[in-house]
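Protein chains in written order, with my numbering: chain D, 2 to 192; chain Y, 6 to 326.
By construction, the Cβ of each residue, glycine as well, lies at the ideal position given by its N, Cα and C atoms.
Values in this document were obtained by computation on a predicted structure and should not be read as measured data.
Please read the structure below before turning to the comments.
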Amino acid sequence: MRADWRTLRAFGIALVLVLGFVAGWPNRIAKIVAPWPKPLAELALKLPVIQGQVLAPFAPLAGALGIYTEDWPLFVGTGGTRYRMWLEARGRGGRGWTLLYRADDPEHRYFAGALEYRRVLNVWNPHHAFISDAYPDFARALARRIFREQRRFQEVRVRMEAVDILSGGRGYAPTGRYTYEVVVKRAETER
Amino acid sequence: MIERWVAFWDRREAPHTLALVRILVGVALLADLGQAAIFDVIPLVWAPPPAGGGYGQVAEPAPLVVRLLGASATTGTLVWALAVVSCALFTLGVLYRVTSWVLVFAMVELAGCQPVGDSIDTLLRIVLPVLAASGAGAVWSFDAWYRRRRGKPAQETVPAWPRYLLVVQLLWLYISAGYQRDAKSWGPRGGFSAIGNVLGDPHFARFEPGSFAALYPLTCAGTLLTMVFELTAPLYLLWLWLELHPERGGRCGHAVRRARIRWLWLATGVSLHSGIALGMKIGLFPFGILALYPAFVRPPELLAALERVRGRLSWLATATR
């Protein structure tokens, strides 16, 4: 009986290792194999299909444990265009926006500890070409909080300014271009 | 061959290394979860829209807790509270077999309510079930104390396979990260500028971007070191094997042992993660990874190191008397 359990466990671990390896095939494979010789690249591009087929029977168990990948593309690209978050609000009459928070701005630090807490930062920090699905709801919830705290504001705007990372570790330069803009009006949050 | 494979995964060892991992992971996670309360963002992160950004509560299929309790800010707060309580009990080793699995459940449900996370969330969801299945609560825990109090013998050994899996997991994380770093900034064509760039990112830089310009060559060296460290991760197993078999490896093995390459590699990892923690505002990631590092240390090595520390402290106590 004991020998059977030991064997079963050893094979279970072997299965976990194999599945982990398959789950670790990179999602970015098309980009990685782009410079490879064509026949080799074509072969590699078949991997995601095989990966899906191999992992499918085990997906319910992995899903129950919240395990979705063994692919770790950590800090793959740095530099180039990055972003700087602006949080602004304005009152009745639509005159100029009041800057409440801006990343890397010691003068404007409204709710800064919370906004820079990593679970919140993950929601609003844009990745290379996308922002999280939670961002619009987050912006509205943040606006509700501001409206609750400050009766004078009627609109809240969250947006990301594109910045260029400078070479030689000299920091970044603002571009004046904005993206991922969400404007929330008080009336919308009181419906 | 099969018999050797079975015997390998059946090995047992002293539980101290796994216990240390349990404590460090628990403390790091508790600090991370605690920040959500300190910064008053529990509803903002886990409540469903419009009260918060926890869109997972209204997604299909909904997390189990939402199916049971309904989508609400209270549900998000309850899951967070369950995670905090179970994490505290996990860290202290109270009813470890139960509380560790409750923590696994709570972490899965937290991610269900707010699917947006970073790689440390993914890693912890992989690591926690391994720790829960291990004997990490056998020592330095409430359970061990209670066991002793009832006159039961202490657990001298526990299965070693959970620690081996943690080591493989960490090595794979480095290998996967290393070979995917194909951006120019990680190599000579981009002047090894990656770390210097990150220190200039307004969302992540802990210090004023540009304030390290005078030290830029050091950041380039750090980038090169990061790549070397990650791409040599598979060799860790070879270095470990050479240390465990002093008679093997010939001159090369002798050189690896003499230069303490395994320990140099580990020290490099600790330095790199400490540097990330110091220079960047990315929260739990470097601490969560470092919390797993004791898994690299074999229990006899850890116990010997603790003995040395104890000896030094007693010497210090005698000297200052």
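Using DSSP with H/G/I as helix, E/B as strand and the rest coil, what is residue i?
i                           : result
proline 175 (chain D)       : strand
glutamine 52 (chain D)      : helix
lysine 32 (chain D)         : helix
isoleucine 287 (chain Y)    : coil
tyrosine 1 (chain D)        : What the structure shows of chain D is the stretch from 2 to 192, and residue 1 (chain D) is not part of that stretch, so it cannot be assessed.
lysine 47 (chain D)         : coil
leucine 100 (chain D)       : strand
tryptophan 37 (chain D)     : coil
aspartate 165 (chain D)     : strand
phenylalanine 301 (chain Y) : helix
arginine 155 (chain Y)      : coil
glutamate 189 (chain D)     : helix
threonine 180 (chain D)     : strand
methionine 2 (chain D)      : Because the pLDDT at methionine 2 (chain D) is just 47, under 50, the model does not fix this residue reliably, and the value given afterwards should be weighed accordingly. Correct three-state label for methionine 2 (chain D): coil.
valine 46 (chain Y)         : coil
arginine 158 (chain D)      : strand
glutamate 117 (chain D)     : coil
arginine 17 (chain Y)       : strand
arginine 315 (chain Y)      : helix
valine 63 (chain Y)         : helix
valine 144 (chain Y)        : coil
Could you name the residues of chain Y that residue i contacts, counting a contact when the two beta carbons are closer than 7 Å?
i                     : result
glycine 172 (chain D) : Gly205, Pro214, Gly215
Alpha carbon to alpha carbon, what distance is there between residue j and residue i?
i                           : j                          : result
leucine 176 (chain Y)       : alanine 238 (chain Y)      : 6 Å
phenylalanine 209 (chain Y) : alanine 159 (chain Y)      : 46 Å
valine 89 (chain Y)         : histidine 250 (chain Y)    : 43 Å
arginine 171 (chain D)      : leucine 46 (chain D)       : 39 Å
valine 19 (chain D)         : arginine 10 (chain D)      : 14 Å
valine 233 (chain Y)        : tryptophan 246 (chain Y)   : 20 Å
methionine 2 (chain D)      : alanine 12 (chain Y)       : Legend: pLDDT at methionine 2 (chain D) = 47, less than 50; position of this residue unreliable, value from coordinates given subsequently. Cα-Cα distance, rounded: 15 Å.
alanine 115 (chain D)       : phenylalanine 44 (chain Y) : 5 Å
tryptophan 87 (chain D)     : leucine 100 (chain D)      : 7 Å
leucine 223 (chain Y)       : arginine 17 (chain Y)      : 43 Å
valine 63 (chain Y)         : proline 53 (chain Y)       : 7 Å
alanine 33 (chain Y)        : leucine 307 (chain Y)      : 20 Å
glutamate 213 (chain Y)     : glycine 78 (chain D)       : 21 Å
tyrosine 84 (chain D)       : proline 291 (chain Y)      : 23 Å
proline 4 (chain Y)         : alanine 19 (chain Y)       : Nothing can be reported for residue 4 (chain Y), as the shown portion of chain Y is limited to 6 through 326.
histidine 21 (chain Y)      : valine 144 (chain Y)       : 6 Å
tyrosine 223 (chain D)      : asparagine 28 (chain D)    : The question about residue 223 (chain D) has no answer, for chain D in this structure spans 2 to 192.
serine 181 (chain Y)        : arginine 146 (chain D)     : 40 Å
valine 124 (chain D)        : leucine 133 (chain Y)      : 24 Å
tryptophan 51 (chain Y)     : alanine 76 (chain Y)       : 10 Å
Grab the span of the beta strand (DSSP E) containing residue i for me, first residue to last.
i                          : result
glycine 215 (chain Y)      : Counting along the chain, glycine 215 (chain Y) falls outside any beta strand (DSSP E), and DSSP gives it neither H nor E.
phenylalanine 76 (chain D) : Counting along the chain, phenylalanine 76 (chain D) falls outside any beta strand (DSSP E), and DSSP gives it neither H nor E.
alanine 90 (chain D)       : 82-92
Identify the continuous alpha helix (DSSP H) that holds residue i and give its terminal residues.
i                        : result
methionine 112 (chain Y) : 101-118
asparagine 202 (chain Y) : 199-203
alanine 42 (chain Y)     : 21-43
glutamine 151 (chain D)  : Careful: glutamine 151 (chain D) lies outside any alpha helix (DSSP H) and carries neither H nor E.
threonine 3 (chain Y)    : For chain Y, the structure presents residues 6 to 326; residue 3 (chain Y) sits outside this window and is missing.
glutamine 185 (chain Y)  : No alpha helix (DSSP H) holds glutamine 185 (chain Y); DSSP gives it neither H nor E.
histidine 128 (chain D)  : Histidine 128 (chain D) -> no alpha helix (DSSP H), and no H or E assigned at all.
glycine 255 (chain Y)    : 255-263
proline 134 (chain Y)    : 124-137
glutamate 248 (chain Y)  : 240-249
arginine 72 (chain Y)    : 69-74
So with CB distances below 9 Å, who are the chain Y contacts of residue i?
i                       : result
proline 27 (chain D)    : Ser181, Tyr184, Gln185
isoleucine 33 (chain D) : Tyr184, Gln185, Asp187
arginine 149 (chain D)  : The premise fails here: arginine 149 (chain D) is roughly 11 Å from chain Y at the closest Cβ pair, so nothing lies under 9 Å.
Starting from the beta carbon of residue i, find every residue of chain D whose beta carbon is closer than 8 Å, and list them in chain order.
i                      : result
proline 55 (chain Y)   : Asp138, Arg141, Ala142, Arg145, Thr190
glycine 288 (chain Y)  : Tyr118, Arg119, Arg120, Leu122
aspartate 15 (chain Y) : Arg7, Arg10, Ala11
Just to make sure I have the definition right: I need the residues of chain D whose C-beta is within less than 7 Å of the C-beta of residue i. Which are they?
i                          : result
phenylalanine 44 (chain Y) : Gly114, Ala115, Tyr118
glycine 58 (chain Y)       : Val124, Ala135, Asp138, Phe139, Ala142
Under 8 Å Cβ-Cβ, which residues of chain Y neighbour residue i?
i                    : result
leucine 20 (chain D) : Those do not exist, as leucine 20 (chain D) stays about 12 Å from chain Y at its closest Cβ, beyond 8 Å.
Quick one: does the C-beta of residue i sit closer than 7 Å to a heavy atom of the ligand NAP?
i                    : result
glycine 13 (chain D) : With respect to the ligand NAP, the structure shown offers nothing to examine, as it has no ligands at all.
### Query
Counting pairs of beta carbons, one from the stretch 160-172 of chain Y and one from the stretch 128-142 of chain Y, are three or more of them closer than 8 Å?
Cβ pair count under 8 Å is three or more, so yes.
### Message
Below 8 Å, how does it come out for the stretch 264-280 of chain Y and the stretch 174-185 of chain D: are there three or more Cβ pairs, yes or no?
### Response
Counting Cβ pairs under 8 Å, fewer than three are found: no touch.
### Query
Would the stretch 118-130 of chain Y and the stretch 54-70 of chain Y be scored as touching if the rule is three or more Cβ pairs under 8 Å?
Yes, the stretch 118-130 of chain Y is in contact with the stretch 54-70 of chain Y.
### Task
Report yes or no: do three or more beta-carbon pairs, one from the stretch 183-191 of chain D and one from the stretch 146-166 of chain D, lie closer than 8 Å?
Yes: the two stretches touch, three or more of their Cβ pairs being nearer than 8 Å.
### Message
Between the stretch 99-106 of chain Y and the stretch 64-71 of chain Y, can you find at least three pairs of beta-carbon atoms closer than 8 Å?
### Response
No, the stretch 64-71 of chain Y does not touch the stretch 99-106 of chain Y.
### Segment contact, 8 Å Cβ cut-off, at least three pairs: the stretch 105-120 of chain D with the stretch 35-55 of chain Y
Under the Cβ criterion (8 Å, minimum of three pairs), the stretch 105-120 of chain D counts as touching the stretch 35-55 of chain Y.
#### Entry: Given 8 Å, three or more beta-carbon pairs between the stretch 307-321 of chain Y and the stretch 144-156 of chain Y
Not touching, per the Cβ criterion.
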